[in-house]
Amino acid sequence: MVIDTHIRPALYAPICGDEKRFQQRCDEMNYHLMNPSDIKLLKKQYALADIQKAFLLPADCSAKTGSPAISNEEVAKIVALDPDFFIGFASVDPRLEDAAELLERAFLKLGLSGLYINTSRLQLYPYDEKLIILYDICSKYHKPIIFHAGLSLENNALARFARPVEFEEVMLRYPNTNICLTHMGWPWVQETAALLLKYPNAYASTGLMNFDGPYQIYEKVFHEDMGALWVEHNISDKIMFGSDSPRIRPVRAKRGLDSLGFSEETRKKIEYKNACRFMGGEGSDAI
Numbered sequence: 075m076v077i078d079t080h081i082r083p084a085l086y087a088p089i090c091g092d093e094k095r096f097q098q099r100c101d102e103m104n105y106h107l108m109n110p111s112d113i114k115l116l117k118k119q120y121a122l123a124d125i126q127k128a129f130l131l132p133a134d135c136s137a138k139t140g141s142p143a144i145s146n147e148e149v150a151k152i153v154a155l156d157p158d159f160f161i162g163f164a165s166v167d168p169r170l171e172d173a174a175e176l177l178e179r180a181f182l183k184l185g186l187s188g189l190y191i192n193t194s195r196l197q198l199y200p201y202d203e204k205l206i207i208l209y210d211i212c213s214k215y216h217k218p219i220i221f222h223a224g225l226s227l228e229n230n231a232l233a234r235f236a237r238p239v240e241f242e243e244v245m246l247r248y249p250n251t252n253i254c255l256t257h258m259g260w261p262w263v264q265e266t267a268a269l270l271l272k273y274p275n276a277y278a279s280t281g282l283m284n285f286d287g288p289y290q291i292y293e294k295v296f297h298e299d300m301g302a303l304w305v306e307h308n309i310s311d312k313i314m315f316g317s318d319s320p321r322i323r324p325v326r327a328k329r330g331l332d333s334l335g336f337s338e339e340t341r342k343k344i345e346y347k348n349a350c351r352f353m354g355g356e357g358s359d360a361i
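Using my numbering, read the sequence shown as starting at 75 and increasing by one per residue.
The structure is reproduced here in structure tokens:
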């Protein structure tokens, strides 16, 4: 069993009916030469990697763009098509006057399971007071937070706002809220590893598509940027599989992970056990 904790449903056909909106989404998120895909086809592709559950991450910078690239309502629509398979996260632009109300609605009315924030796109540091309001709501409702961390390939995104060490204050201030840094915070991988080691509520996900392919960049990140046994000996409980789809096919990401030669127990933790704990449970049936 594999849980993919990082899928952007930008190309899911049920939310791509409006051609103008679809083009706006692709321009904003820097997805090009890609077409909408039927969910049945996507799930067949996911099955090649034994993916049985998937986190769907939206995108909302609507204070600048006028509308979310992927809205909470669109994520909820996809989740409703297969609630056993899809786990929907919310995204709210904290610069909106009604940001707090929108996030509460996402949790209470739409049934979404956590918050996704890209501070590099927002051009806000993670401890900005506009964001603190959203973290308080996540703490109130016991919802985890997934942050984009490191370089973002989306347009108008500045990496300095998403450097891993910038999230330390949030981890310290909200010890009972699980926090995930995506992409291992690349290129600041060692900063991410340090936070995983120090903070019980800190997690990271493996979605990496910056240079070469998954085999090469996973080798670089997990065996060169970190010591060969850092994961096995110190942070095996803190890393979750994430494909970064649609930038990369999940089966390729999974094969890249398999190539690292981790022990079976560590692989199981990365593939699904850590994601279950991140969402608030220990067993494979927790989510």
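Ideal Cβ positions, reconstructed from N, Cα and C, are used throughout, including at glycine.
Secondary structure of residue i, DSSP reduced to three states
i: glutamine 126; result: strand
i: histidine 257; result: helix
i: serine 358; result: Any reading at serine 358 must be qualified, since the residue scores a pLDDT of 47, below 50, and its modelled position is unreliable; the value itself is stated next. If DSSP states are grouped into helix, strand and coil, serine 358 belongs with coil.
i: histidine 216; result: coil
i: tyrosine 248; result: coil
i: valine 166; result: coil
i: tyrosine 199; result: coil
i: serine 310; result: coil
i: phenylalanine 336; result: coil
i: phenylalanine 160; result: strand
i: phenylalanine 221; result: strand
i: alanine 302; result: coil
Member of the options whose CA lies at the smallest distance from the CA of residue i
i: alanine 154; options: Leu186, Lys347, Ile206 and Glu338; result: Leu186
i: aspartate 101; options: Glu203, Leu115, Ala84 and Pro88; result: Ala84
i: serine 165; options: Asp158, Leu184, Asp156 and Phe235; result: Leu184
i: threonine 139; options: Ala173, Val305, Leu196 and Ala180; result: Leu196
i: proline 274; options: Tyr346, Ala87, Gly224 and Asn250; result: Asn250
i: proline 200; options: Phe235, Glu265 and Glu148; result: Phe235
i: phenylalanine 285; options: Lys342, Thr256, Leu225 and Leu232; result: Leu225
Whole-angstrom distance between residue j and residue i, CA atom to CA atom
i: glycine 301; j: serine 213; result: 34 Å
i: serine 358; j: valine 76; result: Low confidence applies here, because serine 358 scores a pLDDT of 47, under 50, leaving its location unreliable and the question unanswered by this model.
i: alanine 150; j: glycine 162; result: 6 Å
i: leucine 107; j: leucine 269; result: 37 Å
i: aspartate 202; j: valine 325; result: 37 Å
i: glutamate 338; j: proline 142; result: 40 Å
i: serine 136; j: glutamate 228; result: 15 Å
i: phenylalanine 241; j: isoleucine 113; result: 34 Å
i: valine 244; j: asparagine 104; result: 28 Å
i: serine 145; j: asparagine 109; result: 19 Å
i: aspartate 311; j: lysine 94; result: 43 Å
i: phenylalanine 336; j: glutamine 126; result: 21 Å
Residue i: first and last residue of the uninterrupted beta strand (DSSP E) it sits in
i: alanine 278; result: 276-279
Span of the alpha helix (DSSP H) around residue i
i: leucine 182; result: 173-182
i: isoleucine 291; result: 288-293
i: leucine 189; result: Per DSSP, leucine 189 belongs to no alpha helix (DSSP H); it is in the beta strand (DSSP E), 189-191.
i: glutamate 102; result: 93-103
i: asparagine 230; result: Unbroken run through asparagine 230: none, as it is neither H nor E.
Residue(s) in a DSSP beta bridge with residue i
i: lysine 81; result: Correcting the residue type first, residue 81 is isoleucine in the shown sequence and not lysine. In DSSP, isoleucine 81 forms a bridge with Leu130 and Ser319.
i: serine 111; result: Tyr86
i: isoleucine 144; result: Ala133
i: valine 76; result: Ile125
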